[in-house]
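Position 40 (the sequence shown) corresponds to 68 in my numbering; numbering is contiguous.
By construction, the Cβ of each residue, glycine as well, lies at the ideal position given by its N, Cα and C atoms.
Being a predicted model, the structure only gives us computed values, none of them experimental.
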Amino acid sequence: QLSPVYAISVDDYDRDGFVDILLGGNLYSVKPEVGRYDASYGTFLKGDKNLSFSAISAKQTGFRIEGEARDMMTIQTSNGEKLMVARNSDQIQIFDIK
């Protein structure tokens, strides 16, 4: 299955000193004969000292986007950092950053 990427965010999300990448996407509004592009629940790419990246499962990270992700943004709140994911025709999904 396929899924386009519409949302990308780069930061040190696991606080190990190396940059990580978060990806989100999906596309539901397509012609019926094509079918929805809905194979993505988000992807966490863990960075290392060599600037290489490895995909880490949602089971390990807790990063699982439901729906059509369109943008991501990290914000600082009184309860710590949060990752906000804007989803098409849906509520914002929020993740704690530890």
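*Along the chain, which unbroken stretches of the alpha helix (DSSP H) at least 4 residues long are found entirely within the stretch 60–119?*
86–89
*residue 81 to residue 58, Cα distance in whole Å?*
31 Å
*Would you call the CB atoms of residue 31 and residue 67 closer than 8 Å?*
yes
*Between the beta-carbon of residue 93 and the beta-carbon of residue 119, is there less than 8 Å?*
no
_Helix, strand or coil for residue 44? Go by DSSP, reduced to three states._
coil
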